[in-house]
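K.L.:
Okay, handing you the structure first.
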């Protein structure tokens with residue numbers, strides 16, 4: 038149709054109302070437009086004219102053809118990048134911000150694009166949980182359909198049986214054993230006072246920070262919450278009484294510490310007292326051994342497959358998954374446990390993420406690992422115990438203070454695993470995954486989801502093998518974008534340089 | 038490039054690596070490409086040649102220009118229709134179905150497109166709640182930004198202060214008064230036995246249906262749940278004892294009805310007993326007066342504006358909102374109440390929706406109003422009481438049996454409104470809205486959200502005016518599509534016919 042009309046001017050040229058106006062873009066012009074240039078000079082049979090004509094004509098064709106192709110490419114690129122961004126911009130029309138951390142993220146979004154040239158509007162789809170018990174079919178391995186069951190909405194938590202085959206589980210365990218596992222927690226952690234000193238806090242300031250309910254006294258749970266995180270030793274209420282007696286800390290014997298009583302104690306007094314007295318491994322926050330397995334190019338195929346499957350499962354951009362932490366493989370011996378904790382911390386405007394710190398240009402003392410998603414794999418069947426507990430899953434409210442009651446400490450996975458809201462039994466090959474952060478309502482990471490609190494119940498019989506994949510995402514879009522740009526630049530540099538061994542070696546250390 | 042090589046192989050034509058290949062679509066070809074064609078023949082100064090040349094040249098330009106424009110339009114259309122469908126298809130790749138009702142919907146989706154020609158992939162966006170207390174800014178009225186606060190996630194419930202202005206509230210109340218209000222519930226409902234008879238159930242079958250925990254005995258709460266829905270009279274545990282005594286129903290006096298005891302009662306025995314004894318309005322499920330206001334073309338501007346604002350608020354296709362029920366305006370006098378209920382029922386495969394029944398071609402005895410969303414407007418400030426209660430909002434579990442305990446009946450909004458999880462205070466101009474159904478995970482309506490249970494607490498002082506907008510959506514995509522097609526066909530027919538008054542009159546009846 039195209040070429041025919043060119044040669045015969047008397048023909049009616051298609052008007053805008055022609056039905057082909059809605060033709061699909063597949064009616065490509067390139068093949069159909071190539072005959073005319075040749076046919077034209079031949080018909081006219083005036084060679085000299087046509088040589089001139091064909092020249093100008095050729096130029097026109099060329100220009101239009103190129104412009105056309107360029108525009109089609111540009112439009113296709115637009116379509117491609119628009120799918121993500123539309124979903125975001127739809128939300129942005131009704132932009133939300135109710136916390137300062139949100140504002141930081143929001144303001145930097147548009148900036149990131151302009152600054153870094155990073156593909157704009159990277160988008161984090163969040164899987165719909167619908168309701169507890171909902172089952173959706175997911176396609177992760179060709180020729181196989183997995184079932185993904187919603188276990189809770191707060192946190193958004195899913196279980197996928199048979200995510201790994203028996204053989205894959207065996208390979209991961211074997212690779213971890215070959216690499217060698219180390220104690221997950223050393224007995225005497227060092228550098229504990231650094232943050233206090235760095236922040237230069239007075240005892241009054243620390244007291245006020247610990248006094249969650251601001252009643253001018255430190256309740257046992259206020260002390261416990263802090264000291265467990267700080268010292269890595271799992272104090273119980275009984276331990277605390279013992280320490281108070283030993284240190285003569287609670288002079289009036291009311292079980293509470295006043296500012297005066299608190300001020301008389303060294304900041305590491307509890308830890309020193311306990312270490313003097315002797316601490317068992319079972320008294321640590323975490324009693325396990327672990328190692329890290331690199332999953333990138335050159336790694337065992339099972340590890341690479343696993344990462345691809347995680348990308349499909351979480352539906353996150355593969356670049357995000359690839360730049361996340363390596364696989365952590367953990368072994369719990371009989372008696373092993375991991376008391377309830379968050380995999381990643383809350384986000385304040387000044388919080389830096391470990392993974393993007395290099396790109397962030399900040400020296401913030403607040404740092405967290407920014408683990409947006411945790412994917413946990415069970416690598417064996419545990420004879421008894423070893424469940425993963427989510428003590429406050431789908432609770433109506435989250436109150437830190439109410440977690441540690443006098444009689445029941447919901448955080449204690451050695452004593453009170455049965456009192457929590459949800460427990461997942463370890464079954465070989467099953468994966469569970471959950472979001473440690475909420476959405477910000479605009480397609481990116483929002484606030485920490487406090488309900489993602491979880492722990493490993495004590496293994497009462499046998500050994501427990503699990504692996505963790507954490508997907509690291511910076512809640513600050515700009516920082517994540519800058520980081521990814523930096524890594525991609527480095528990688529292309531390394532490819533140019535002949536001795537790129539350093540890079541691989543660095544990974545093998547993991 | 039293609040044609041270039043044919044004519045002048047020596048010319049260096051732009052290669053694929055040219056920077057313009059990634060140029061944005063804004064570099065439109067029509068202005069920038071027009072100068073070269075003209076300049077070219079002039080430079081040559083051969084007039085006759087150029088006249089031939091310009092003709093063929095003109096044709097080439099025209100054809101390419103048209104093809105280009107057509108293709109741009111086609112691509113833009115592709116982009117346009119792709120946004121909605123992509124969002125759905127992204128979900129569909131991981132299609133879910135865990136209940137039979139889902140399967141019905143799922144199977145009919147593609148069908149609906151093919152059958153009815155209805156715009157395919159109609160999509161129901163669901164607003165993200167993020168977390169309780171989250172505030173998002175929404176743009177509903179030009180020059181004004183509203184704040185929308187998440188009140189609960191189960192049900193997904195939002196509050197928007199100042200949704201209506203004082204004047205708008207006054208107009209709606211006035212219009213309702215002019216129209217006249219009727220009792221929301223008549224004292225003696227008729228046709229109660231119809232369903233039983235239609236289904237032809239034996240006393241044994243009814244007994245088994247009522248015996249929720251299947252223990253062979255009817256507990257008081259099992260009787261109460263049923264009789265309240267059936268008879269519209271709000272029995273309390275005390276009433277029940279009274280009735281048992283009066284009818285000598287509970288022969289062994291254990292407070293439970295065995296099949297034998299149950300079988301001796303007429304199916305309307307309780308209702309007859311109560312009516313004989315006399316029933317107060319305060320003993321009804323619902324003690325209020327209401328009317329319906331049409332919101333379409335010709336209606337008061339405030340009513341039309343309200344509907345547009347509801348469309349913006351819910352982000353649903355406007356055709357869905359326009360085909361929903363009219364505005365219901367309700368007045369509660371002092372002492373008025375509405376015990377806790379669901380605005381719409383559960384969805385079974387054989388359930389029909391009231392609004393699409395005409396298009397559905399079914400005579401199912403199960404029918405519900407399929408109110409996907411409830412938007413509730415407070416039209417005045419109530420002196421005391423009259424809160425909207427959501428007794429189980431964000432509860433970890435929903436157990437019908439545990440709602441009615443011996444001492445606390447969470448469904449009773451006259452006695453136990455203070456025991457529920459969430460209460461919304463009526464404030465003039467504020468709107469609240471919630472989803473009565475979950476998502477099906479594929480952009481359409483899923484199962485009923487049981488947590489959407491709500492009621493109107495008793496008005497202890499003053500009068501309470503509210504209005505309800507329900508957005509009706511059939512959980513069966515195909516039925517909804519067929520219904521909308523049918524209505525649009527009827528409307529276009531009526532427009533052709535001169536006497537379209539009937540249509541308007543029919544609406545004014547509402």
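Residue numbers (the numbering used here), protein chains in the order written: chain Y, 38 to 547; chain R, 38 to 547.
Glycine included, every Cβ here is placed at the ideal spot set by N, Cα and C.
When you compare only the Cα positions, how much space is there between residue 403/R and residue 486/R?
P.N.:
Roughly 18 Å between the two C-alpha positions.
K.L.:
I'd like the ranges of any alpha helix (DSSP H) spanning at least 4 consecutive residues and lying wholly in the segment 241 to 269 of chain R.
P.N.:
Fully enclosed alpha helix (DSSP H) runs of 4 or longer: 257 to 268.
K.L.:
How about residue 27/R: is its C-beta nearer than 9 Å to some C-beta of chain Y?
P.N.:
In this structure chain R extends from 38 to 547, so residue 27/R is not present and cannot be described.
K.L.:
Going along the chain, which residues of its own chain have a beta-carbon closer than 8 Å to the beta-carbon of residue 176/Y, five neighbours each way excluded?
P.N.:
Correct list, in chain order: 182, 183, 349.
K.L.:
Determine the closest residue to residue 376/R out of 199/R, 423/R, 522/R, with distance taken between C-alpha atoms.
P.N.:
Among 199/R, 423/R, 522/R, the Cα nearest to that of residue 376/R belongs to 423/R.
K.L.:
For the alpha helix (DSSP H) containing residue 200/Y, list its first residue and its last residue.
P.N.:
Careful: residue 200/Y lies outside any alpha helix (DSSP H) and carries neither H nor E.
K.L.:
Within 9 Å (strictly less), CB to CB, does residue 477/R reach chain Y?
P.N.:
For residue 477/R, the answer is yes, since a Cβ of chain Y falls inside 9 Å of its Cβ.
K.L.:
Could you confirm whether any beta carbon from chain R is found closer than 9 Å to the beta carbon of residue 483/Y?
P.N.:
Yes, because at least one Cβ of chain R sits closer than 9 Å to the Cβ of residue 483/Y.
K.L.:
In chain order, what are the residue ranges of uninterrupted alpha helix (DSSP H) at least 4 long that sit wholly in the segment 276 to 350 of chain R?
P.N.:
As far as the segment 276 to 350 of chain R is concerned, its whole alpha helix (DSSP H) runs of at least 4 residues are 296 to 300, 306 to 314.
K.L.:
Residues of the segment 429 to 447 of chain R with a CB closer than 7 Å to any CB of chain Y: list them in chain order, please.
P.N.:
Hits within the stretch, in order: 431, 432, 433.
K.L.:
Do we get a CB-CB distance below 9 Å when we pair residue 456/R with the residues of chain Y?
P.N.:
It does not; no Cβ of chain Y falls within 9 Å.
K.L.:
The beta strand (DSSP E) with residue 468/R in it runs from where to where?
P.N.:
Where residue 468/R is concerned, the enclosing beta strand (DSSP E) stretches over 468 to 472.
K.L.:
Does any C-beta atom of chain Y lie closer than 9 Å to the C-beta of residue 171/R?
P.N.:
Judged by the 9 Å Cβ criterion, residue 171/R is in contact with chain Y.
K.L.:
Apart from the five residues on each side of it in sequence, which residues of its chain come closer than 6 Å, Cβ to Cβ, to residue 268/Y?
P.N.:
Around residue 268/Y: 308.
K.L.:
If contacts are defined as beta-carbon pairs under 8 Å, then residue 361/Y and residue 458/Y qualify, I think. What distance do you get, rounded to the angstrom?
P.N.:
Not a contact, Cβ separation roughly 28 Å.
K.L.:
With a threshold of 9 Å between beta carbons, is residue 513/R in contact with chain Y?
P.N.:
It does not: the Cβ of residue 513/R has no partner Cβ on chain Y nearer than 9 Å.
K.L.:
Give me the chain R residues within the contact set of residue 32/Y, using Cβ-Cβ distance strictly less than 7 Å, ordered along the chain.
P.N.:
The first residue shown for chain Y is 38 and the last is 547, placing residue 32/Y beyond what the model contains.
K.L.:
Would the beta-carbon of residue 159/Y fall within 9 Å of that of residue 396/Y?
P.N.:
No. Outside cutoff.
K.L.:
Taking its Cβ as the centre, do 16 or more other Cβ atoms sit within 10 Å of residue 196/R, making it buried, or is it exposed?
P.N.:
Looking at its Cβ environment, which holds 16 or more other Cβ atoms inside 10 Å, residue 196/R is buried.
K.L.:
By Cβ distance, which residues of its chain are closer than 6 Å to residue 164/Y, with the 5 residues on each side in sequence left out?
P.N.:
The answer is none, since no qualifying residue turns up.
K.L.:
Give me the chain R residues within the contact set of residue 190/Y, using Cβ-Cβ distance strictly less than 9 Å, ordered along the chain.
P.N.:
Residues of chain R passing the Cβ test: 190, 191.
K.L.:
Assuming residue 520/Y is part of the alpha helix (DSSP H), what are its boundary residues?
P.N.:
Taken as a continuous stretch (DSSP letters only), the alpha helix (DSSP H) holding residue 520/Y covers 514 to 533.
K.L.:
If distances are taken between C-alpha atoms only, which option among 531/Y, 222/Y, 492/Y, 253/Y comes closest to residue 297/Y?
P.N.:
Comparing Cα-Cα distances from residue 297/Y to each of 531/Y, 222/Y, 492/Y, 253/Y, the minimum goes to 253/Y.
K.L.:
With contact counted as at least three CB pairs below 8 Å, one residue from each stretch, are the segment 446 to 461 of chain R and the segment 518 to 528 of chain R in contact?
P.N.:
Contact fails: fewer than three Cβ-Cβ distances are below 8 Å.
K.L.:
Please classify residue 174/R: does DSSP put it in a helix, a strand, or coil?
P.N.:
It is a strand residue.
K.L.:
Find the nearest neighbour of residue 356/Y within the set 99/Y, 161/Y, 92/Y, 93/Y, judged by alpha-carbon distance.
P.N.:
Closest option to residue 356/Y, Cα to Cα, is 161/Y.
K.L.:
I need the DSSP call for residue 446/Y, collapsed to helix, strand or coil.
P.N.:
DSSP places residue 446/Y in strand when its eight states are reduced to three.
K.L.:
When you compare only the Cα positions, how much space is there between residue 49/R and residue 341/Y?
P.N.:
Confidence is the limiting factor: at residue 49/R the pLDDT is only 37, short of 50, which leaves the residue's position unreliable, though a coordinate-based value still follows. Rounded to whole angstroms, residue 49/R to residue 341/Y spans 45 Å at the Cα level.
K.L.:
Go to residue 451/R, then tell me how far its alpha helix (DSSP H) extends in each direction, as first and last residue.
P.N.:
From DSSP, residue 451/R is part of no alpha helix (DSSP H); its letter is neither H nor E.
K.L.:
Could you name the residues of chain R that residue 160/Y contacts, counting a contact when the two beta carbons are closer than 7 Å?
P.N.:
Within 7 Å Cβ-Cβ: nothing; residue 160/Y doesn't reach chain R, min ~11 Å.
K.L.:
Can you pull out the residues from the segment 457 to 474 of chain Y whose beta carbon lies closer than 8 Å to at least one beta carbon of chain R?
P.N.:
Within the segment 457 to 474 of chain Y, the qualifying residues are 458.
K.L.:
Going along chain Y in order, which residues have a C-beta closer than 8 Å to the C-beta of residue 427/R?
P.N.:
In chain order: nothing, as chain Y lies at least about 11 Å away.
K.L.:
Looking at residue 169/R: is its Cβ nearer than 9 Å to the Cβ of residue 431/R?
P.N.:
Yes.
K.L.:
Are the C-beta atoms of residue 102/R and some chain Y residue less than 9 Å apart?
P.N.:
So yes, residue 102/R belongs to the interface.
K.L.:
With a cut-off of 9 Å, does the C-beta of residue 199/Y fall near any C-beta of chain R?
P.N.:
No - not a single Cβ of chain R is within 9 Å of the one on residue 199/Y.
K.L.:
Please classify residue 219/Y as buried or exposed, where buried requires at least 16 neighbouring CB atoms within 10 angstroms.
P.N.:
By the 10 Å Cβ count, residue 219/Y comes out exposed.
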